[in-house]
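Trainee: First the structure, which I've put down as C-alpha cells, then a few questions once you've had a look.
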Amino acid sequence: LSYLSSIFSVFFMMKCIMQICKFKVPFAVNFYCVTIGMFFFACSLSIGNNDVFYKSVDIGRKFGATYLIKEYAFLHTFYPLYIFSILIFCIVVIIITLSKRKDVSKKSSWRSLALMLISALVYVLERVFKSPIEFMPLAYIVGFAIILVQLDRVRMYNLEGFTTDAIEKSHE
7 LSYLSSIFSV FFMMKCIMQI CKFKVPFAVN FYCVTIGMFF FACSLSIGNN DVFYKSVDIG
67 RKFGATYLIK EYAFLHTFYP LYIFSILIFC IVVIIITLSK RKDVSKKSSW RSLALMLISA
127 LVYVLERVFK SPIEFMPLAY IVGFAIILVQ LDRVRMYNLE GFTTDAIEKS HE
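Heads up: the sequence shown begins at 7 in my numbering, then just goes up one per residue.
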C-alpha cells in the first residue's frame, strides 16, 4: 500500500503542481512516469515470489507498534531515482516559473517549491534514520491538501472564463 501511494502520489502531485505553474507536461515525461511507476508497482506486488525488489520482508514490534523490516534487493535501488527524478523535474519547473512567468502567483509557486523540498527532506530523513514508521504517506496527504487549496485559489482567481462569459452575455 505504501508503494501504491508513493509511486502514484508523487506523479499526481507533479501533475497538480504543473497545473498551478501553468506548465504543460510533455508526453514523454507522462509516459516515463506512468511506465516506470507501473513497473515498480508490479515489482512490489511480486514480493514473496521473487527477490528482485526485496530480499526479505518481516514484521517487527517496537513500543507496541508493528512495522516492516525490509531488506532491499538490487531493483529497489532505482526506486528512489524515480521519486527524485520527478521531484527534480517539479523543482526545475517551479524555479523557471518563479523566474520567468508573470501570470503565475509567486506565493503558489513558493508554496509548491517548499512542498517539494519538504517531501524530499522527509524521504531522505526516513532513510537516513531508518525510521520504522513511514512518514511519506502523511507528507503526501498534507501536500495534497495544500495543493488542493492552491488549485482552488488558482481557479477562483482565474478570470479568463468569467470575462468570456460576461462578454458573450453583453452581446446577447
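From the three backbone atoms N, C-alpha and C, an ideal C-beta is built for every residue, glycine too. Computed from a predicted structure; not experimentally measured.
Between 118, 83, 58 and 71, which has its C-alpha nearest residue 156's C-alpha?
Mentor: Your numbering for residue 156 matches position 150 in the sequence shown. Comparing Cα positions, the closest option is 118.
Trainee: For residue 116, tell me which candidate among 104, 124 and 127 has the shortest Cα-Cα distance.
Mentor: Here residue 116 is taken as the residue at index 110 of the sequence shown, counted from 1. When each option's Cα is compared against that of residue 116, the closest is 104.
Trainee: Which value, in whole angstroms, describes the spacing of the CA atoms of residue 129 and residue 139?
Mentor: Within the sequence shown, the letter at position 123 stands for residue 129. Within the sequence shown, the letter at position 133 stands for residue 139. If I take the Cα positions, the gap works out to 12 Å.
Trainee: By alpha-carbon positions, which one of 82, 65 and 80 ends up nearest to residue 74?
Mentor: The residue you call residue 74 lines up with position 68 of the sequence shown. Closest by alpha carbon: 65.
Trainee: Measuring CB to CB, does residue 50 end up less than 8 Å from residue 37?
Mentor: Position 44 of the sequence shown, counted from the first residue, corresponds to residue 50. Position 31 of the sequence shown, counted from the first residue, corresponds to residue 37. Not closer than 8 Å, so no.
Trainee: For residue 72, report the span of its beta strand (DSSP E) as first-last.
Mentor: Indexing the sequence shown from 1 puts residue 72 at position 66. That run of the beta strand (DSSP E) goes 71-78.
Trainee: Using only the alpha-carbon positions, how far apart do residue 16 and residue 146 sit?
Mentor: In the sequence shown, residue 16 corresponds to position 10, counting from 1. In the sequence shown, residue 146 corresponds to position 140, counting from 1. About 8 Å.
Trainee: Output yes or no for whether 8 Å exceeds the beta carbon distance between residue 99 and residue 27.
Mentor: For the purposes of this step, residue 99 is taken as the residue at position 93 of the sequence shown. For the purposes of this step, residue 27 is taken as the residue at position 21 of the sequence shown. Yes, they are a contact pair.
Trainee: Is the beta carbon of residue 142 less than 8 Å from the beta carbon of residue 52?
Mentor: Counting from 1 along the sequence shown, the entry for residue 142 is found at position 136. Counting from 1 along the sequence shown, the entry for residue 52 is found at position 46. The answer is no: Cβ separation not under 8 Å.
Trainee: When you compare only the Cα positions, how much space is there between residue 91 and residue 31?
Mentor: One-based indexing of the sequence shown puts residue 91 at position 85. One-based indexing of the sequence shown puts residue 31 at position 25. So the alpha carbons of these two residues sit roughly 14 Å apart.
Trainee: Tell me whether residue 136 sits in a helix, a strand or coil according to DSSP, three-state version.
Mentor: In the sequence shown, counting from the first residue as 1, residue 136 sits at position 130. Here residue 136 sits in coil by DSSP.
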